[in-house]
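Trainee: Quick note, the sequences are listed as chains U and R, same order. Numbering-wise, the first sequence is residues -8 to 360 according to this note's numbering. Numbering-wise, the second sequence is residues 78 to 602 according to this note's numbering. The C-beta atom is built at its ideal place from N, Cα and C for all residues, glycine as well. Quick one: the structure is below, and I'll ask about it shortly.
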Amino acid sequence: MKNVLIFFGGVSCEHDVSVITGVLTLNALKCEKYNPIPIYIDENGRWFSGDALRDISFYKNFDLKKVKSVVLLPKDRCIYEKKKNGLKKIAEVSVALNCLHGLNGEDGSLAGFLTLCDIPFASPHIFASSVSMDKYYTKLLLSGLGVNSLPYVRVCRENFYKNKRIACQFVEKRSTYPVIVKPANLGSSIGIKVVKSGEELMSALENAFKYDGKVIVEKALEKFREINCACYKSGDKYIVSECEEPTLNGDMLTFDDKYLSAGTKRFPADLDKATETIIKDTVKKVYRKLDFNGVVRMDFLLSDGEVYLNEINSVPGSLAYYLFCDGTDKISQFLSTIIEDGIDEYLRYKSNEFVYRGGVLNGLGKLKR
Amino acid sequence: MNENLFILLYCLIATLSVSLILPLEYAVYQQSGYDENKLISCYIKQKTIIKSMLLSVILCLFNILFGVFGILNYISISVIAVFCCFYVFFADKNVKIIKKVVITSRFLRLTGFSFILTFLLEISVCYAFRLVFDVYYACGIGAFIVLAYCHTLGVSKKVNMPFDRLNYVLSINKCKKKLAKKNDLIKIGITGSCGKTSVKNILAAMLSVDYKVYATPKSYNTPLGICKSVSKMNDDTEVFIAEMGARNKGDIKELTNIVKPEIGVITGITEQHLETFGSLENIKDTKFELIDGLSENGYAVFSADTIGSTELYERAKVNKCLVGINGLNVKAENIVISSCQTSFDLILKDVRFPVVTKLLGRHSVTDICLASAVALYLGVKPHRIADCVFTLKPTEHRAEVFVTESGVTVIDDGYNANILGIESDAEILKTFNGKKFAVISGIVEGGKREEELNKNVGKILSESVDVIIAVGNNADAVLSGTVDIKGLEKHYAKNLCEAENILKNEIKSGNIVIFINDLPDSYKV
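Next up, the structure:
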């Protein structure tokens, strides 16, 4: 039986959403093959584990007495309980799964931490995670790959505060109203504003700079459809989901099991064959070129027959299982594929040579003498 | 100063200093399984006996000197103490130990007992002579008791015997109980003449992806070693891998009785430890004890790459498979050996996986096949086994390659005390470019055939190296076996230090050195 660490919560705006994803995954994964261990990160960044965390109602009145404070150590692959007089080993970890949305988790920080801990993980790695967290870098990469995305202007905080008027002129010169102003690093709708005329631009930028030092001003589409599509990997096969069209801006709703039957989205989305092919091929291409692992959901915008890749979610809500499984009983099979693939990926990574014994330090000793 | 206190302190200092100048003897004593004959032969051959004689003579002279001047106070005892400190320090300095003593409770018990014994003996001798002589002369004569220290170690073993026996029975029972308590634990036994530790490490790496694996650490392969490792095993362990070593008939039976494995792996069988086994037939019988000891629905994996293990495969009646380069069920093809990696096609369940590994040599391919067969049996997916092969790292002192700061490539195959390993080393060496040196101490415990085996070693090596430095007792046999090839240099070195000196004078950047059989201390003498 493999002990699987499930990370959720997190110091981010999407803490609550992540709790729902995490608890769902915890309960879906419990089977003969896997023993999911919750690691809940609270809004202060403390790590907790314990059986109480498997129940979603527990988080309404969180009780510190019912959970254990836990830590991981570098290059160790074990999880420890923090006690007054030291550490007590809880379990050996086989693999980890990231359900942290947003900053301080989805942005590659957890991937980096797990790499140093030598724990295999079934989620995207450092580079792919951090790039897809940042809207500016995502755009740079997409243009490098020849993938269509909306035209944009990047403004950084120092330049903006040096001379706000010049900064606004700079933006206006390069884009046409209406535009959307977004902080580069936040995933949710916080700090985002649609600007229709020059008067609102400055305040929108000021607001966005509260959240990040880098802001993207993007062309706002007036009539558009939103299409989501996800992908995961199994060995050398890439499995791309059908396209989904959320009819409400219902990112939150997708976490609700009822959502599956409520029909507030169109799944599969009503698309012509050509557009569907473009979307699916793009998803597969981006996934492959960025060396993604685990489930990744990409959000597209359709307007005037053009397909724009708007956003990459390296840790999608509910791990986007609803795009692949038509029943909750099939989730565990789906998660199992992802987890086993994560372990295979770890083995491939480990086969790299990391250390070269060149004797540089020995040489230094000699020079000194 | 009180006379009694003087005698007491004096005897303590003398006993302590003699017990400290024997680090090499302790190492040999422990590595030979606390064999007092090996200890004493090392004591004499390594000339430590002269060191202790010197010590006692000087102590005696000191005392006579003090007697003449009539000084009996703290100063004289301090002078002796300071002298002893220096003596121990300088006597110790030039001793090179390859495998140091591991401080175990048994070791402490044995040395502690003999320490007390020597101490008491010395005090009683001092007092006995005190009846007739002055205190200085009595102590001077007492100094010679330190010479008996090594012999008291032998006595100490006999006295400790009942305790050791009891301890042995108790720990084995405890170990059996712990293993029996976990009825879903998968137990794997590995034995054979060569590659046990490597197969164990490879297998642990392959299984740890899907199971919680615990393997006996290092080369803990004796009953007590296995018991000790079992006591450290976690409760949630799913697979236990035991390496089983043997020097005598019945050894493996004893180990299988403790572990009760359901999967047995027989690595290659060669003429190793022939001295204690007597014949190759006995070696085969002993290794087969593992197969006899398997549980009813057991599974046995045999190496196809030695004649001995293939014969055992034929003999086995359980569910079995024959694997290796010439294997049936799991096999390797298209083997390409180079100086930095080995690549081959691993064939698992008729699917071909091209793999590359950092483990060098043909014997590594066999080891990987053996481990793969077990992993396959335990349900690890074939593609994952193949992925795992890429990640394997060489075990310490087993064909480990590194480049030193001066640009010399060193191949450390220190624990490779058998003819198969040496053949494989020779093949690795052929893939290197540059002047090649081999430092070799030959095969030990070869019994009657030792000379023949070592001649063969010389022959194999002379075809693939440029300089042979033969070390120790078997050097003559190795050198006489060499074939005269143009440009082949032969050297004889008494010990490893001398071999190192020869190397230092001749070696240049870009050259290659291979160390074969950098053996435990007991064979250096």
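Along the region 311 to 344 of chain U, where does the CB come closer than 7 Å to a CB of chain R? Name the residues.
Mentor: Under the 7 Å Cβ criterion, the region 311 to 344 of chain U contributes I334, D335, L338, R339, K341 and S342.
Trainee: Distance cutoff 8 Å, beta carbons only. Does G77 (chain U) sit that close to anything in chain R?
Mentor: Within the first sequence, the letter at position 86 stands for residue 77 (chain U). So, not an interface residue.
Trainee: By alpha-carbon positions, which one of R:I193, R:A91 and R:V212 ends up nearest to F146 (chain R)?
Mentor: Position 69 of the second sequence, counted from the start, is the residue given in the question as residue 146 (chain R). Closest by alpha carbon: R:V212.
Trainee: Please identify the residue among R:T293, R:S285 and R:V516 whose C-alpha is closest to the C-alpha of T268 (chain R).
Mentor: Reading the second sequence from its first residue, position 191 is the one you call residue 268 (chain R). Residue R:T293 is the option with its Cα nearest to T268 (chain R).
Trainee: List the whole-angstrom C-beta distance separating I496 (chain R) from T347 (chain R), where the pair is believed to meet the contact cut-off of C-beta under 8 Å.
Mentor: Locating residue 496 (chain R) in the second sequence gives position 419, where the first residue counts as 1. Locating residue 347 (chain R) in the second sequence gives position 270, where the first residue counts as 1. The Cβ separation is near 6 Å, so the contact holds.
Trainee: Assuming K523 (chain R) and V555 (chain R) are in contact, meaning their beta carbons sit under 8 Å apart, how far apart are those beta carbons, in whole angstroms?
Mentor: The sequence position of residue 523 (chain R) within the second sequence is 446, counting from 1. The sequence position of residue 555 (chain R) within the second sequence is 478, counting from 1. The sequence as given places Gly at residue 523 (chain R); Lys does not occur at that position. With a Cβ gap of about 12 Å, G523 (chain R) and V555 (chain R) do not count as contacting.
Trainee: Any chance the region -7 to 10 of chain U sits against the region 94 to 114 of chain U, with 3 or more Cβ pairs inside 8 Å?
Mentor: Cβ pair count under 8 Å is three or more, so yes.
Trainee: Starting from the C-beta of I174 (chain R), find all residues in its chain whose C-beta is less than 7 Å away, skip the five residues before and the five after it, and write them out in chain order.
Mentor: Translated into positions along the second sequence, residue 174 (chain R) becomes position 97. Only P100, L101, A104 and D598 meet the Cβ criterion.
Trainee: Beta-carbon separation of F112 (chain U) and N89 (chain U) under 8 Å?
Mentor: Taking the first sequence and counting its residues from 1, the one referred to as residue 112 (chain U) is at position 121. Taking the first sequence and counting its residues from 1, the one referred to as residue 89 (chain U) is at position 98. Yes, they are a contact pair.
Trainee: Name the one or two DSSP bridge partners that M289 (chain U) has.
Mentor: As a first step, residue 289 (chain U) is located in the first sequence; it is residue number 298 there, counting from the start. Answer is U:C220 and U:I303.
Trainee: Starting from the Cα of A221 (chain U), find the closest Cα among U:D261, U:K184, U:T273 and U:K24 and give me that residue.
Mentor: Here residue 221 (chain U) refers to the residue found at position 230 when the first sequence is read from its first residue. Of the candidates U:D261, U:K184, U:T273 and U:K24, the one whose C-alpha sits nearest the C-alpha of A221 (chain U) is U:T273.
Trainee: For R257 (chain U) and C234 (chain U), what's the separation of their Cα atoms in angstroms?
Mentor: Taking the first residue of the first sequence as position 1, residue 257 (chain U) is located at position 266. Taking the first residue of the first sequence as position 1, residue 234 (chain U) is located at position 243. Rounded to the nearest angstrom, the two C-alpha atoms are 9 Å apart.
Trainee: Under a three-way DSSP split, which group does H474 (chain R) fall into?
Mentor: Looking up residue 474 (chain R) in the second sequence gives position 397. Coil.
Trainee: Within the same chain, show all residues whose beta-carbon is closer than 8 Å to that of F467 (chain R), passing over the 5 residues directly before and after it, in chain order.
Mentor: In the second sequence, counting from the first residue as 1, residue 467 (chain R) sits at position 390. These residues qualify, in order along the chain: V432, V433 and T434.
Trainee: Taking 8 Å as the threshold (beta carbon to beta carbon), is T632 (chain R) in contact with chain U?
Mentor: This structure gives no information on residue 632 (chain R), because the portion of chain R shown stretches from 78 to 602.
Trainee: If you reduce the DSSP assignment to three classes, tell me which class R439 (chain R) lands in.
Mentor: The residue labelled residue 439 (chain R) in the question sits at position 362 within the second sequence. It is helical.
Trainee: Helix, strand or coil for F246 (chain U), going by three-state DSSP, please let me know.
Mentor: As a first step, residue 246 (chain U) is located in the first sequence; it is residue number 255 there, counting from the start. With a pLDDT of 41 at F246 (chain U), under the threshold of 50, the predicted position of this residue should be treated as unreliable, and no value is reported.
Trainee: Checking contacts by CB at 8 Å: is H474 (chain R) closer than that to chain U?
Mentor: Along the second sequence, one-based indexing puts residue 474 (chain R) at 397. So no, H474 (chain R) is outside the interface.
Trainee: Given a cut-off of 8 Å, decide if A323 (chain R) and I303 (chain R) are closer than it, judged by their beta-carbon atoms.
Mentor: In the second sequence, counting from the first residue as 1, residue 303 (chain R) sits at position 226. In the second sequence, counting from the first residue as 1, residue 323 (chain R) sits at position 246. In this structure, A323 (chain R) does not lie closer than 8 Å to I303 (chain R) by Cβ.
Trainee: Are I32 (chain U) and I(-3) (chain U) closer than 8 Å when you measure CB to CB?
Mentor: In the first sequence, the residue the question calls residue 32 (chain U) occupies position 41. In the first sequence, the residue the question calls residue -3 (chain U) occupies position 6. Cβ atoms of I32 (chain U) and I(-3) (chain U): not closer than 8 Å.
Trainee: Since D24 (chain R) is in the beta strand (DSSP E), which residue starts that stretch and which ends it?
Mentor: As shown, chain R starts at 78 and ends at 602. That puts residue 24 (chain R) outside it, with no answer to give.
Trainee: Output, in chain order, the set of chain U residues within a Cβ distance shorter than 8 Å of D464 (chain R).
Mentor: Position 387 of the second sequence, counted from the first residue, corresponds to residue 464 (chain R). Here the neighbours are D335, L338, R339 and S342.
Trainee: CB K264 (chain R) to CB K326 (chain R), shorter than 8 Å?
Mentor: Counting from one through the second sequence, the residue named residue 264 (chain R) turns up at place 187. Counting from one through the second sequence, the residue named residue 326 (chain R) turns up at place 249. No, Cβ-Cβ distance for K264 (chain R) and K326 (chain R) is not below 8 Å.
Trainee: What did DSSP end up calling K205 (chain U) once you bin it into helix, strand or coil?
Mentor: Working through the first sequence from its first residue, we reach residue 205 (chain U) at position 214. Of the three classes helix, strand and coil, the one that applies to K205 (chain U) here is strand, per DSSP.
Trainee: Determine the chain R residues that contact E83 (chain U) at a beta-carbon separation under 8 Å, and present them in chain order.
Mentor: In the first sequence, the residue the question calls residue 83 (chain U) occupies position 92. Per Cβ cutoff of 8 Å: K289, N311 and D313.
Trainee: Residues in its own chain within less than 6 Å of K513 (chain R) by CB, not counting five upstream and five downstream?
Mentor: As a working note, residue 513 (chain R) is residue 436 in the second sequence. Counting only Cβ-Cβ distances below 6 Å, and skipping sequence neighbours, we find L506, V542, D543 and I589.
Trainee: Need the endpoints of the beta strand (DSSP E) that N(-6) (chain U) sits in, please.
Mentor: In the first sequence, the residue the question calls residue -6 (chain U) occupies position 3. Where N(-6) (chain U) is concerned, the enclosing beta strand (DSSP E) stretches over K(-7) to G0.
Trainee: If you pair each beta-carbon of the region 405 to 423 of chain R with each one of the region 441 to 459 of chain R, do three or more pairs fall below 8 Å?
Mentor: Because the criterion of three Cβ pairs below 8 Å is met, the region 405 to 423 of chain R and the region 441 to 459 of chain R touch.
Trainee: Let me see if you follow: with CB-CB separation under 8 Å, is L285 (chain U) close to chain R or not?
Mentor: Locating residue 285 (chain U) in the first sequence gives position 294, counting from the first residue. For the record, residue 285 (chain U) in the displayed sequence is Gly; it is not Leu. No - not a single Cβ of chain R is within 8 Å of the one on G285 (chain U).
Trainee: Going by DSSP, name the residue or residues bridged to G401 (chain R).
Mentor: Here residue 401 (chain R) is taken as the residue at index 324 of the second sequence, counted from 1. For G401 (chain R), which the question treats as bridged, DSSP gives the partners R:K408.
Trainee: With a threshold of 8 Å between beta carbons, is T468 (chain R) in contact with chain U?
Mentor: In the second sequence, counting from the first residue as 1, residue 468 (chain R) sits at position 391. Cβ-Cβ to chain U under 8 Å: yes for T468 (chain R).
Trainee: Shorter than 7 Å, the distance from the beta carbon of F200 (chain U) to the closest heavy atom of the ligand MN, or not?
Mentor: Looking for the ligand MN in the displayed structure turns up nothing, as the structure carries no ligands at all.
Trainee: At 3 residues or longer, what runs of the beta strand (DSSP E) sit wholly inside the region 328 to 412 of chain R?
Mentor: For the region 328 to 412 of chain R, whole beta strand (DSSP E) runs of length 3 or above, ordered along the chain, are 340 to 343, 376 to 380 and 396 to 401.
Trainee: Would you list, in chain order, the members of the region 129 to 151 of chain U that have their beta-carbon closer than 9 Å to a beta-carbon of chain R?
Mentor: Flagged: no residues at all.
Trainee: Taking DSSP as the reference, what is the three-state secondary structure of V534 (chain R)?
Mentor: Here residue 534 (chain R) is taken as the residue at index 457 of the second sequence, counted from 1. Note: V534 (chain R) maps to helix in three-state DSSP.
Trainee: Does the beta-carbon of G341 (chain R) have 16 or more other beta-carbons within 10 angstroms, so that it is buried, or is it exposed?
Mentor: Translated into positions along the second sequence, residue 341 (chain R) becomes position 264. With 16 or more other Cβ atoms within 10 Å, it is buried.
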